[in-house]
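Chemist: Handing you a structure now.
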Amino acid sequence: MTSPLIPRAQVAAYGGLPSPAPHSEAELATLLGLLTAPGVRIATVVVGHSRDAASRSSAAAFVEAWREIGRQPVLAVVDWPESAASWLRAADRFTAEEPDAWVVAAAPLGWAQMIRRLRHSTDWGPARTYGFAALGDSRVPALAGAATLQGMRGATADGGTWAIDRGWVTQQLPARRPPVHPHGTL
């Protein structure tokens with residue numbers, strides 16, 4: 012059995028991956044919208060995050076917003092380090108509750124490592140996984156493996172969305188709202 016860890020040379024080839032930025036209100040609102048859109052049947056979620064301050068804050072904000080919109084309590088909140096020997100313990104905790112969806116706020120490299128462990132050792136499904144903006148980076152599927160993230164989607168900082176399809180990250184701009192004119196329609 013081969014290790015699911017990303018080889019150091021492959022990580023080095025992508026240079027320094029950025030740390031997650033604090034989430035925006037538009038990003039959080041879009042993420043909630045993806046999970047609660049008409050026809051989407053998501054009742055239970057597990058939230059995962061890396062241990063940096065921005066990811067912790069984003070995960071906590073999601074948990075609070077989920078509760079505020081009257082959804083069932085989050086089944087679990089799981090964290091993981093940016094580097095580890097295997098990520099097996101975190102992967103097992105992340106998938107133990109069998110939620111309808113997973114929500115992730117994480118640094119790209121740690122998430123890429125976690126994904127490889129999830130795919131190698133659990134029944135986790137990327138199509139049931141939603142992420143904050145930092146994970147909509149094309150280097151994440153490149154590091155994790157093109158098919159490893161098929162169907163994962165999330166929100167961009169400006170309120171748009173991103174999705175992973177066949178190893179490509181595509182982004183959709185936020186919906187444009189018509190301008191409001193103070194004296195009626197022009």
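Numbering (my numbering), first residue to last: 12 to 197. Backbone N, C-alpha and C define an ideal beta-carbon position, used for all residues, glycine too.
Given that a residue counts as buried once 16 or more other Cβ atoms are within 10 Å of its Cβ, and exposed if not, what is residue 83?
Modeler: Within the sequence shown, the letter at position 72 stands for residue 83. Exposed.
Chemist: Give the C-beta separation of residue 170 and residue 55 to the nearest angstrom, bearing in mind that I take them to be a contact with Cβ-Cβ under 8 Å.
Modeler: Taking the first residue of the sequence shown as position 1, residue 170 is located at position 159. Taking the first residue of the sequence shown as position 1, residue 55 is located at position 44. In fact, because the Cβ distance is near 25 Å, the residues do not count as touching under 8 Å.
Chemist: Out of curiosity, what's the CA-to-CA distance linking residue 73 and residue 168?
Modeler: Position 62 of the sequence shown, counted from the first residue, corresponds to residue 73. Position 157 of the sequence shown, counted from the first residue, corresponds to residue 168. Approximately 14 Å between the Cα atoms of the pair.
Chemist: Kindly list the residues whose CB is nearer than 6 Å to the CB of residue 86, restricted to its own chain and excluding five residues on each side of it in sequence; keep chain order.
Modeler: Within the sequence shown, the letter at position 75 stands for residue 86. Hits under 6 Å: 55, 57, 108 and 110.
Chemist: Please name the residue or residues paired with residue 60 in a DSSP beta bridge.
Modeler: The residue you call residue 60 lines up with position 49 of the sequence shown. Answer is 90 and 116, bridged to residue 60.
Chemist: Measuring CB to CB, does residue 123 end up less than 8 Å from residue 162?
Modeler: Within the sequence shown, the letter at position 112 stands for residue 123. Within the sequence shown, the letter at position 151 stands for residue 162. No, the pair does not count as a contact, with Cβ atoms beyond the cut-off.
Chemist: In its own chain, which residues sit with a C-beta less than 6 Å from the C-beta of residue 129, not counting the 5 before and 5 after it?
Modeler: Reading the sequence shown from its first residue, position 118 is the one you call residue 129. Counting only Cβ-Cβ distances below 6 Å, and skipping sequence neighbours, we find 102 and 135.
Chemist: So what's residue 140 in DSSP terms, helix, strand or just coil?
Modeler: In the sequence shown, residue 140 corresponds to position 129, counting from 1. It is a strand residue.
Chemist: Looking at the unbroken beta strand (DSSP E) that takes in residue 85, where does it start and where does it end?
Modeler: Indexing the sequence shown from 1 puts residue 85 at position 74. Taken as a continuous stretch (DSSP letters only), residue 85 belongs to no beta strand (DSSP E), as it is neither H nor E.
Chemist: Out of 115, 44 and 126, which has the shortest C-alpha to C-alpha gap to residue 68?
Modeler: Within the sequence shown, the letter at position 57 stands for residue 68. Answer by Cα proximity: 115.
Chemist: Compute the distance between the beta-carbons of residue 121 and residue 146, then report whether it is under 8 Å.
Modeler: Here residue 121 corresponds to residue number 110 of the sequence shown, with the count starting at 1. Here residue 146 corresponds to residue number 135 of the sequence shown, with the count starting at 1. No; because the gap between Cβ atoms is not below 8 Å, this pair is not in contact.
Chemist: Along the chain, where does the alpha helix (DSSP H) that runs through residue 100 open and close?
Modeler: One-based indexing of the sequence shown puts residue 100 at position 89. Taken as a continuous stretch (DSSP letters only), the alpha helix (DSSP H) holding residue 100 covers 99 to 106.
Chemist: Work out the CA separation of residue 35 and residue 173 for me, nearest whole Å.
Modeler: As a first step, residue 173 must be located in the sequence shown, where it is residue number 162. As a first step, residue 35 must be located in the sequence shown, where it is residue number 24. The alpha-carbon atoms of residue 173 and residue 35 are separated by roughly 15 Å.
Chemist: Could you work out which residue in 61, 46, 133 and 91 is closest to residue 30 when comparing CA atoms only?
Modeler: Along the sequence shown, one-based indexing puts residue 30 at 19. The residue with the shortest Cα to Cα distance from residue 30 is 61.
Chemist: What does the alpha-carbon distance come out to for the pair residue 118 and residue 50?
Modeler: Start at 1 with the first residue of the sequence shown, and residue 118 comes out as number 107. Start at 1 with the first residue of the sequence shown, and residue 50 comes out as number 39. In a straight line, the C-alpha of residue 118 is about 30 Å away from that of residue 50.
Chemist: Using only alpha-carbon positions, find the residue among 77, 151 and 90 that is nearest to residue 105.
Modeler: One-based indexing of the sequence shown puts residue 105 at position 94. The residue with the shortest Cα to Cα distance from residue 105 is 90.
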